[in-house]
Amino acid sequence: MGTQEESNVAIDDNPIFEMSYEDKLTYAAVIAKPMASEKLTKRLGKLMRKAKSNGLLACGVKDCVKQIVKKKSEGILVIAGDVSPIDTISHLPLICEARNVPYCYVPSRFEIGCSNATTVNSVCVFIRKGEAYEALFDKCYKCVDDLPLPIR
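FYI, the numbering for the sequence shown is 2 to 153, going by my numbering.
Here's what the structure looks like:
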């Protein structure tokens, strides 16, 4: 595990850290809809940090699918928009829509990795509901649930 000093060095060296929200959107995949707004992205980052400290954050595709399908947990799925190849995440929205789990995309993997205070950029995270951050979770849940789904 890296120390806080090592993770700060990795954040400072990353060129994506200095990019604006609009510039990050240019790297997002075509299927990355619904995209979270800049304000919602920051709010989700704060929620991810709180969920991580309480042990209620599932990272990675395999773990997120397990939380949604097998454990039927209540939560929010946050997916990175700049994933390549997109086949790694293309099945996640279908699973979420079948199970009525709200999901959204954020502009980059770095947004998810930075919020987790790790140097590893995760493709997706599943945030489970917790008592310690219930008000913030409910606010984010409502915002993500209100985002318009892509028309099929």
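All C-beta atoms, glycine included, are put in the ideal place defined by N, C-alpha and C.
- How many angstroms separate the CA atom of A37 from the CA atom of L148? If you number the sequence shown from 1, residue 37 lands on position 36. If you number the sequence shown from 1, residue 148 lands on position 147. Their Cα atoms are separated by approximately 8 Å.
- Can you list, in chain order, the stretches of the alpha helix (DSSP H) that have 4 or more residues and sit fully within the region 71-118? 93-100 and 110-116
- Within 10 angstroms of the Cβ of D83, are there 16 or more other Cβ atoms? Answer buried if so, exposed if not. Taking the first residue of the sequence shown as 1, we reach residue 83 at position 82. Counting Cβ neighbours within 10 Å, D83 comes out buried, since at least 16 surround it.
- Message: For the structure I just gave you, are there three or more beta carbon pairs, one from the region 123-141 and one from the region 101-115, closer than 8 Å?
- Response: yes
- Go to V126, then tell me how far its alpha helix (DSSP H) extends in each direction, as first and last residue. Reading the sequence shown from its first residue, position 125 is the one you call residue 126. Unbroken run through V126 is the beta strand (DSSP E), C125 to R129; no alpha helix (DSSP H).
- Which class does A59 belong to by DSSP, given the choice of helix, strand or coil? As a position in the sequence shown, residue 59 is number 58, starting the count at 1. DSSP places A59 in strand when its eight states are reduced to three.
- Message: Among E132, E23, V79 and Y28, whose alpha-carbon lies nearest the alpha-carbon of V206?
- Response: In this structure the chain extends from 2 to 153, so residue 206 is not present and cannot be described.
- Round the Cβ separation of A59 and Q68 to the nearest angstrom and send it over; I've been treating them as touching at under 8 Å. Here residue 59 refers to the residue found at position 58 when the sequence shown is read from its first residue. Here residue 68 refers to the residue found at position 67 when the sequence shown is read from its first residue. Going by Cβ atoms, the distance from A59 to Q68 rounds to 5 Å, so yes, they are a contact pair.
- Message: To the nearest angstrom, how far is the alpha carbon of E98 from that of T89?
- Response: Position 97 of the sequence shown holds residue 98. Position 88 of the sequence shown holds residue 89. Each residue's Cα considered, the two are about 17 Å apart.
- Considering Y134, what are the terminal residues of the alpha helix (DSSP H) in which it resides? Here residue 134 corresponds to residue number 133 of the sequence shown, with the count starting at 1. Here Y134 belongs to no alpha helix (DSSP H), and DSSP marks it neither H nor E.
- Item | Within 8 Å, strictly: CB atoms of A136 and I87 | Residue 136 sits at position 135 when you count from the first residue of the sequence shown. Residue 87 sits at position 86 when you count from the first residue of the sequence shown. In this structure, I87 does not lie closer than 8 Å to A136 by Cβ.
- Query: How many angstroms separate the CA atom of G46 from the CA atom of C65?
  - Reply: Indexing the sequence shown from 1 puts residue 46 at position 45. Indexing the sequence shown from 1 puts residue 65 at position 64. So the two alpha carbons sit approximately 17 Å from each other.
- Distance, Cα to Cα, L150 vs T42? For this step, residue 150 is matched to residue 149 along the sequence shown. For this step, residue 42 is matched to residue 41 along the sequence shown. L150 and T42: Cα-Cα distance of roughly 17 Å.
- Task: For M36, name the three-state secondary structure that DSSP assigns.
- Result: Numbered from its first residue, the sequence shown carries residue 36 at position 35. Three-state DSSP puts M36 in a strand.
- Message: Between the alpha carbons of A133 and N55, how many angstroms are there, rounded?
- Response: Position 132 of the sequence shown holds residue 133. Position 54 of the sequence shown holds residue 55. Roughly 8 Å between the two C-alpha positions.
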